[in-house]
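Enquirer:
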Amino acid sequence: MKSADEVEIDGLMGRYFDGLYHSDSGVLRTVFHPELAYVNATGGNHEFMDLEAYMTRIDNREPPAAHGEKRSESVDRVTLTGRQMGLVEARMTMMGRDYQDLLTLIHTDAGWKIITKVFAYHEQED
Numbered sequence: 001m002k003s004a005d006e007v008e009i010d011g012l013m014g015r016y017f018d019g020l021y022h023s024d025s026g027v028l029r030t031v032f033h034p035e036l037a038y039v040n041a042t043g044g045n046h047e048f049m050d051l052e053a054y055m056t057r058i059d060n061r062e063p064p065a066a067h068g069e070k071r072s073e074s075v076d077r078v079t080l081t082g083r084q085m086g087l088v089e090a091r092m093t094m095m096g097r098d099y100q101d102l103l104t105l106i107h108t109d110a111g112w113k114i115i116t117k118v119f120a121y122h123e124q125e126d
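FYI, UniProt numbering numbers position 57 of the sequence shown as 57, with every residue one higher than the one before it.
1. Can you tell me the Cβ-Cβ gap for residue 39 and residue 46, rounded? I've got them flagged as a contact below 8 Å.
2. Using 7 Å as the threshold, is the C-beta distance between residue 19 and residue 28 below it?
3. Over the uninterrupted alpha helix (DSSP H) stretch that includes residue 57, give me the two end residues.
4. If residue 35 sits next to residue 112, beta carbons under 8 Å apart, how far is it from one beta carbon to the other, in whole angstroms?
5. If you run the structure through DSSP and keep just helix, strand and coil, what is residue 127?
Written out as structure tokens, the structure is:
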């Protein structure tokens, strides 16, 4: 049986995947901490953003859902260190790319939030 924290994190990850697929910054703001650190580690060209810059990017892109694009995602591992922090390893395929995410979680008064998103992707082969 899952703990209350595990159930909450399952919901958080569902909103995370839905928010990305639908390019919905309103939904994504419910999963990210206001002091989010975003790092794209693809190809050694590290790109860093804060929450507002990332939400602007989300708002300006066409949602994969708008094309009925195929979507797949998985949470490969959740590791909690006490009740204050954790790590989620996740994968998502969309926009012709396979993404791998390392998401650091912290527990706040508002529940679990993603405070760091470090990810890389590779283009899918046709």
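Every residue gets a Cβ at the ideal spot worked out from N, C-alpha and C, and that includes glycine.
This structure is a prediction, so every number in the text was calculated from the model and none was measured.
Expert: Here's the rundown:
1. Residue numbering aside, residue 39 sits at position 39 when the sequence shown is read from its first letter. Residue numbering aside, residue 46 sits at position 46 when the sequence shown is read from its first letter. 6 Å between Cβ atoms; contact.
2. Taking the sequence shown and counting its residues from 1, one reaches residue 19 at position 19. Taking the sequence shown and counting its residues from 1, one reaches residue 28 at position 28. Contact flag set, yes.
3. Counting from 1 along the sequence shown, the entry for residue 57 is found at position 57. 51-59 is the span of the alpha helix (DSSP H), which, as asked, contains residue 57.
4. One-based indexing of the sequence shown puts residue 35 at position 35. One-based indexing of the sequence shown puts residue 112 at position 112. Rounded, the Cβ-Cβ distance is 15 Å, inconsistent with contact.
5. Because residue 127 is not part of the residues shown, which for the chain are 1 to 126, the question remains open.
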